[in-house]
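Protein chains in written order, with the working numbering: chain R, 1 to 392; chain L, 1 to 392.
Read through the structure below, which is laid out as structure tokens, and then see the notes.
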């Protein structure tokens, strides 16, 4: 082993020279709703944003200004600042101008989540900014300040040691609904002091997306605000393989936390697809499971209704053959290359697998070597409740 | 007006020489679950089936035997006879052989709906066949015998009169869940005595699909059993335009009934998309609304959360521009080409529109002349209840 990855506390603040916190700016009745991450010196930053064509104003602001270094991220919940046009961008400029009167910032950016189509309340944000203690190192408060329908905060940090020296990496994310990331998910902030070359940051971030945020779905709806940010102070050590591995761990942990916290979800399920014609078709199939209402409700009902899984394969548009298909709930095979193995005993065993909070469903298409694992959750009464009552 | 279309009673039996009925064969605790449509003489028949690659055994049977004329359709609910392989087809052959011992049939076919992945109970079907009164003209019993989670029967008939003479056309359909027809929907049977040339039947059926069954979605799941059959005794009159119009009315009525009866649905909504780059993009957008969980739950909550509609447009992959987009709930404009018109008064008006059982949401993309209207329903607690408890 050339390096060792150890979990540590501190979230995004685990990294030296990075500060974060949150306050109540009056968007939520109680609790944090406005937060920041900042650094002593400017950090290199790379990002990946939603493929939704109506990108929110904070995303446009970052892209318009081609931000590559920053020392301040301001983040709020309860308002996405999306579909707000030029005015939405002007609001950000005014807010960041005000911020600069309170603390000297370099290329500050904003990141927002919440309701789409409503102008942001600048006065509340400004009042919130005045409440900030800029010297707090409190990743917990920051993580809470970006939560919307999330039921728990999503945070992780590691220290990585090897012959190259050591570095730290920490991340925070939010998300529970409107989750079907096409390039990234709702909001995710990752900090590190790894001395990673600037031109490698973007590459390594995107390399890990496919098996983390791009592999999850709560409801098939791709948001206007999906953003993943990776920032580095570059004060620590660096080794490519170690960094890639640590970043992958951070991104997988945070993306799986989002599925586990899927709106109303009671179960997190990994759909392991193998034997597809190629990886692309495997992904298409695996994602189809995470977005099928009938598969999701069967999971909620702990009903090993494998016919719905088969039907979803057939409808997903991939090359398949019912005489080559194999379906298992963990190690319980219910359908094997044309043979139905679903008797009372098998049904009971599969039902028992589904009683667990987390389990795997294996689907082998028998067509080739393509594989992909997607992570989804069930569809419960509470999903409907949360989303039918979101604004009321 | 060259012809007149008048609603009449009788469903599929409105047509002379056509008989139909249903019995309880023991699949449902109470009520009809096995039915038939038959004719005195052989009828021309055309059909369109699901694009799900795992087509059910009854569909394979029709395709394998290249059926073009028939005098008997046997239909059952509670078991889809899908994912049952060669055995599923052999079961059909045995059942139809038994049928022929009870009544002389020519090229009989079967049509099934229900749970996927379970062998059909041949003994129950045979016992049911023995209960049939083959001389009944009872479309009502037939319509009920194919219902699964449907809460009402779907039936319609017209008499069409013109200079060419007259003909009758009647139809029956079922469907409430696993509805996202890619070529057709769950089950639909249309009878007519129009003397339509055999080579025009298929053309006119497919011409009307796009604005009927292909325009609806309950849950985005394309079934293994979707089938639409059009049968003609050819004893009546015929005129192309009149027939096309009458068939369209039958198909639109039955497909809209399916949306209104969507599992757990409380509202049926028409998503009228205009101004898309082309009709294909309009369809992509309109169908995206019918399948968005967030749009569907907002409709259930009567919440005019137009941001979710905008976000769905942006995520649907079509050419769009937030400065050209326009969104209205009936005549209440909430967003107009970059301008948010969503104040308290507008919100109340839009909310009032959404209180209705049926309403239209208009979305103009402002990019071209493409248009498409899709029909969908809301997502309620009852959808989850129905599908989490389906087999238990």
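We put the CB at the ideal spot given by N, CA and C, even for glycine.
Closest Cα partner of residue i within the set the options
i, options, result
"residue 305 of chain L", "L:272, L:343 and L:42", "L:343"
"residue 446 of chain L", "L:244, L:266 and L:61", "The structure shown does not extend to residue 446 of chain L, since chain L is modelled only from 1 to 392, so the question has no answer here."
"residue 76 of chain L", "L:36, L:161 and L:97", "L:36"
"residue 49 of chain R", "R:158, R:93, R:5 and R:222", "R:222"
"residue 86 of chain L", "L:108, L:120 and L:114", "L:120"
"residue 286 of chain L", "L:232, L:238, L:210 and L:150", "L:210"
"residue 7 of chain R", "R:358, R:246, R:234 and R:259", "R:246"
"residue 107 of chain R", "R:124, R:131 and R:38", "R:38"
"residue 139 of chain R", "R:191, R:97 and R:176", "R:191"
"residue 360 of chain L", "L:383, L:299, L:389 and L:319", "L:299"
"residue 136 of chain R", "R:40, R:118 and R:98", "R:40"
"residue 336 of chain L", "L:347, L:329 and L:324", "L:324"
"residue 164 of chain R", "R:95, R:142, R:241 and R:269", "R:241"
"residue 311 of chain R", "L:340, L:55, L:301 and L:46", "L:55"
"residue 393 of chain R", "L:27, L:88, L:13 and L:171", "Past the edges of chain R, shown from 1 to 392, lies residue 393 of chain R, and the structure says nothing about it."
"residue 141 of chain L", "L:45, L:12, L:162 and L:363", "L:12"
"residue 233 of chain L", "L:19, L:3 and L:9", "L:19"
"residue 123 of chain R", "R:99, R:215 and R:113", "R:99"
"residue 14 of chain L", "L:167, L:321 and L:57", "L:167"
"residue 353 of chain R", "R:366, R:43, R:328 and R:338", "R:328"
"residue 215 of chain R", "R:376, R:383 and R:26", "R:376"
"residue 239 of chain L", "L:160, L:28 and L:53", "L:160"
Within 9 Å, strictly: CB atoms of residue i and residue j
i, j, result
"residue 264 of chain L", "residue 146 of chain L", "no"
"residue 220 of chain R", "residue 293 of chain L", "yes"
"residue 249 of chain L", "residue 189 of chain L", "no"
"residue 268 of chain L", "residue 358 of chain L", "yes"
"residue 17 of chain R", "residue 202 of chain R", "no"
"residue 224 of chain L", "residue 109 of chain L", "no"
"residue 261 of chain R", "residue 143 of chain R", "no"
"residue 178 of chain R", "residue 213 of chain R", "no"
"residue 95 of chain L", "residue 129 of chain L", "yes"
"residue 127 of chain L", "residue 91 of chain L", "no"
Exposure label - residue i; buried when at least 16 CB within 10 Å
i, result
"residue 387 of chain R", "buried"
"residue 345 of chain R", "exposed"
"residue 184 of chain L", "Confidence in residue 184 of chain L is poor, its pLDDT being 47 and thus under 50, which makes the residue's placement too unreliable to answer from."
"residue 393 of chain R", "Missing from the structure shown is residue 393 of chain R; chain R here goes from 1 to 392 and no further."
"residue 63 of chain L", "exposed"
"residue 379 of chain R", "buried"
"residue 284 of chain L", "buried"
"residue 93 of chain R", "exposed"
"residue 199 of chain L", "exposed"
"residue 97 of chain L", "exposed"
"residue 133 of chain L", "exposed"
"residue 30 of chain R", "exposed"
"residue 4 of chain L", "exposed"
"residue 9 of chain R", "exposed"
"residue 207 of chain L", "exposed"
"residue 398 of chain R", "An answer regarding residue 398 of chain R cannot be provided, because it is not within the stretch 1 to 392 covered by chain R."
Cβ-heavy atom distance, residue i to the ligand MG, below 8 Å
i, result
"residue 193 of chain L", "Of ligands this structure carries none, so the ligand MG is not represented either."
Touching by the beta-carbon criterion (3+ pairs, under 8 Å), the stretch 141-157 of chain L and the stretch 99-110 of chain L: no
Contacting positions in the stretch 67-78 of chain R - beta carbon closer than 9 Å to chain L: none
The stretch 62-76 of chain L contacting the stretch 250-268 of chain L, beta-carbon criterion three pairs below 8 Å: no
Members of the stretch 366-388 of chain R that neighbour chain L once the beta carbon cut-off is set at 7 Å: Cβ contacts with chain L come from 379, 380, 381, 384, 387 and 388.
Members of the stretch 118-140 of chain R that neighbour chain L once the beta carbon cut-off is set at 8 Å: 118 and 119
Near-chain R residues of the stretch 222-242 of chain L (beta-carbon distance less than 8 Å), N- to C-terminal order: 222, 223 and 224
Chain L contacts from the stretch 44-69 of chain R (Cβ-Cβ distance under 7 Å): 52, 53 and 54
Under 8 Å (Cβ pairs) to chain L, residues found in the stretch 298-313 of chain R: 298, 300, 301, 303, 305, 306, 307, 308, 310, 311, 312 and 313
Selection of the stretch 160-179 of chain L by Cβ proximity to chain R, strictly under 9 Å: 177 and 178
Contacting positions in the stretch 75-106 of chain R - beta carbon closer than 9 Å to chain L: 80, 82, 83, 84, 85, 86 and 87
Near-chain L residues of the stretch 330-358 of chain R (beta-carbon distance less than 9 Å), N- to C-terminal order: Contact residues of the stretch 330-358 of chain R toward chain L are 334, 335, 338, 339, 340 and 342 (C-beta to C-beta distance below 9 Å).
Contact the stretch 267-281 of chain L vs the stretch 366-377 of chain L: 3+ CB pairs below 8 Å: yes
Where the stretch 262-289 of chain R meets chain L: residues whose CB sits under 8 Å from a CB there: Correct list: empty, as no residue qualifies.
Chain R contacts made by the stretch 208-222 of chain L, where a contact means CB separation under 7 Å: 219, 220, 221 and 222
Where the stretch 8-37 of chain L meets chain R: residues whose CB sits under 7 Å from a CB there: none
Interface residues of the stretch 144-155 of chain L facing chain R [CB-CB below 7 Å]: Listed in sequence order: no entries.
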